[in-house]
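Quick note on numbering: the sequence shown equals residues 1 to 371 in UniProt numbering.
Here a beta-carbon is modelled for each residue, glycine too, at the ideal position from N, C-alpha and C.
Bear in mind the structure is a predicted one, so any value in this text is a computation, not a measurement.
Here's the structure we're looking at; comments come further down.
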Amino acid sequence: MSSDPRPQSAASANRASVPDAPAPTWPRLVHQLVRAEDLSAADAAWAMHEVMDGQASALHLASFLVALAAKGVSPQELAGLADAMVEHAVPLEAPAGAVDIVGTGGDLAQTVNISTMSSIVIAAAGHPVVKHGNRASTSRSGSADVLEALGIRLDLPPQTVQEMVHRTGITFCFAQVFHPSMRYAVEARKGVGIPTVFNVLGPITNPGRPAASAVGVADPTMAPTVAQVFAGRGTSALVFRGQDGLDELTVAAPSDVWEVRDGEVAHHELDPEALLGVPRSPIDALRGGTAEDNAQVARDLFDGAHGPVRDAVALNAAAGIHAARAASADRSDGAAFEERFAAAHAEAVRVLDSGAPREVLERWSRASQDA
């Protein structure tokens with residue numbers, strides 16, 4: 001019998017290294033959470049495996065989610081849940097140096113699809129993009145919705161999705177296709193009716209396990225926790241949150257940024273106006289609409305439109321470029337964060353000026369339709 005070639009997760013390693021730990025059960029884990037005690041990564045992983053295997057009742061999962069939300073999610077709990085969720089995902093082999101850019105959603109700002117547009121700019125800059133996303137939950141247009149409106153097919157089989165990044169420099173892992181076991185959590189999540197850890201898991205469960213990530217997190221308490229998960233994986237990441245509440249690098253205020261390099265997390269405040277000369281604009285200037293509306297905004301941007309949307313996309317594309325560079329040999333180790341980010345931003349602006357993102361989008365759309 002052949003062995004599983006995938007690397008052992010942190011949660012699996014923890015489980016193996018603590019043979020005398022009491023066997024997890026739903027009552028034990030919920031009682032521990034109610035007592036405000038953190039779970040081990042292995043126990044959190046057990047819970048997710050039970051869910052993904054269809055063995056958890058809606059009542060058990062709902063109780064667990066509410067207790068975990070009330071206590072607050074620790075880095076090891078989030079890592080254990082995420083590792084187990086990825087183990088159940090349809091696998092995808094990402095190219096070396098691949099990057100994902102994604103937000104948790106939940107900021108209720110109804111902005112245009114900034115990270116989706118940014119992903120195309122990052123690909124046009126020469127960094128392979130394996131974007132992970134879904135349809136809208138708290139907005140009118142999620143990444144899947146706007147990509148579909150831009151002519152990208154969402155119904156491609158996983159092998160074709162994997163091949164697409166090698167053909168076009170970018171691909172999209174539709175969460176509904178790559179995480180089929182998530183169907184077992186739907187009833188409990190609907191019944192709970194409050195934000196839960198699942199709202200944060202999407203951005204850290206990319207089945208391609210890219211080497212670099214740029215992740216916007218709306219919840220201010222969860223952003224540093226997400227950064228700690230990436231640090232534990234040893235991958236490169238920028239995790240950020242606008243001080244105006246956006247799960248993006250914003251043009252309306254400074255942003256908090258957690259830079260993850262070599263297993264360490266460093267916090268920075270990024271003021272685009274002071275550092276880069278990007279003019280302040282109100283959040284209203286970034287408001288979006290339907291998927292078709294937001295797709296037209298993307299087309300206009302790639303045709304050369306200027307303004308706050310372009311400013312926001314350049315900032316967020318810079319985050320992805322920065323993370324991708326940090327994961328490669330192009331590290332600029334001796335430079336300060338601000339200098340490295342400014343260089344990535346200059347690259348994003350240059351790429352937007354070149355018209356290359358429009359070419360990437362057209363090539364991707366044609367390839368997906370012909371697949």
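Are the beta-carbon atoms belonging to SER213 and ALA94 less than 9 Å from one another?
-> Counted from its first residue, the sequence shown places residue 213 at position 213. Counted from its first residue, the sequence shown places residue 94 at position 94. No.
- Does the region 96-113 come close enough to the region 133-152 to have 3 or more Cβ pairs within less than 8 Å? Because the criterion of three Cβ pairs below 8 Å is met, the region 96-113 and the region 133-152 touch.
Please give the ranges of any beta strand (DSSP E) in the UniProt domain "Glycosyl transferase family 3 N-terminal" (29-89), keeping only runs that are unbroken, at least 3 residues long and fully inside the region.
Correct list: empty.
Exercise for review: Determine the burial state of LEU150: buried for a count of at least 16 other Cβ atoms within 10 Å of its Cβ, exposed for fewer.
Suggested key: Here residue 150 corresponds to residue number 150 of the sequence shown, with the count starting at 1. So LEU150 counts as buried.
Q. Does the count of Cβ pairs from the region 310-326 and the region 118-130 closer than 8 Å reach three?
A. In short, these stretches touch, since the Cβ pair count reaches three.
**OP:** Return the first residue and the last residue of the alpha helix (DSSP H) that ARG299 is part of.
**Re:** As a first step, residue 299 must be located in the sequence shown, where it is residue number 299. Start and end: 291-302.
Discussion item. Quick check: what's the CA-CA separation for MET117 versus PHE337?
Written reply: Translated into positions along the sequence shown, residue 117 becomes position 117. Translated into positions along the sequence shown, residue 337 becomes position 337. Using only the alpha carbons, I get a separation of about 24 Å.
*With DSSP as the reference, please indicate the residues paired to GLY133 in a beta bridge.*
Position 133 of the sequence shown, counted from the start, is the residue given in the question as residue 133. Per DSSP, PHE174.
inquiry  = Please give me, in chain order, every unbroken run of the beta strand (DSSP E) with length at least 3 that falls completely inside the region 238-295.
reply    = Fully enclosed beta strand (DSSP E) runs of no fewer than 3 residues occupy 255-261 and 264-270 of the region 238-295, in order along the chain.
Excluding the 5 residues preceding and the 5 following THR168 in the sequence, name in chain order all residues of the same chain whose CB lies nearer than 6 Å to its CB. The residue given as residue 168 occupies position 168 in the sequence shown. For THR168, where only same-chain residues beyond five positions count, the Cβ hits under 6 Å are ARG363, TRP364 and ALA367.
Looking only at its own chain, which residues have a Cβ that is under 8 Å from the Cβ of VAL360, when we skip the five neighbours before and after it? Along the sequence shown, one-based indexing puts residue 360 at 360. Excluding the 5 residues flanking it on each side, VAL360 has same chain C-beta neighbours closer than 8 Å at ILE120, ALA123, ALA124, THR168, GLY169 and ILE170, in chain order.
Discussion item. Can you list, in chain order, the residues of its chain with a C-beta nearer than 6 Å to that of SER181? Leave out the 5 residues immediately preceding and following it.
Written reply: On the sequence shown, residue 181 is found 181 positions in, with the first residue counted as 1. The residues are MET52 and HIS88.
Checklist entry - Taking the continuous alpha helix (DSSP H) assigned at GLY232, which residues delimit it? => result Counting from 1 along the sequence shown, the entry for residue 232 is found at position 232. Counting along the chain, GLY232 sits inside the alpha helix (DSSP H) bounded by residues 223-233.
query: Do LEU147 and GLU248 come within 9 Å of each other at the CB atom, strictly closer than that value?
result: Along the sequence shown, one-based indexing puts residue 248 at 248. Along the sequence shown, one-based indexing puts residue 147 at 147. Cβ distance not < 9 Å, so GLU248 and LEU147 don't count as in contact.
Look up ALA218 in the DSSP assignment and say whether it is helix, strand or coil.
-> As a first step, residue 218 must be located in the sequence shown, where it is residue number 218. Three-state DSSP puts ALA218 in coil, outside helix and strand.
### Message
On the DSSP letters alone, give me the boundaries of the alpha helix (DSSP H) that VAL186 sits inside.
### Response
Your numbering for residue 186 matches position 186 in the sequence shown. Unbroken alpha helix (DSSP H) run through VAL186: 186-192.
Please name the residue, chosen from ARG350, VAL309, ALA346 and SER328, that lies closest to SER115 on a Cα-to-Cα basis.
Numbered from its first residue, the sequence shown carries residue 115 at position 115. Taking only the C-alpha atoms, the option nearest SER115 is VAL309.
| message | Closest to VAL90 by C-alpha separation, out of ALA41, ASN206, ALA36 and SER63, would be which residue? | response | As a first step, residue 90 must be located in the sequence shown, where it is residue number 90. Considering only alpha carbons, the answer is ASN206.
Just confirm the distance between the C-beta atoms of CYS173 and LEU92, as a whole number of angstroms; I'd bet it's less than 8 Å.
-> Mapped onto the sequence shown, residue 173 falls at position 173. Mapped onto the sequence shown, residue 92 falls at position 92. Contact between CYS173 and LEU92 is confirmed by a C-beta separation of about 6 Å, below the 8 Å threshold.
Is there contact here, the region 157-164 with the region 26-45, by at least three beta-carbon pairs under 8 Å?
The way I'd put it, the region 157-164 doesn't touch the region 26-45; fewer than three beta-carbon pairs between them come closer than 8 Å.
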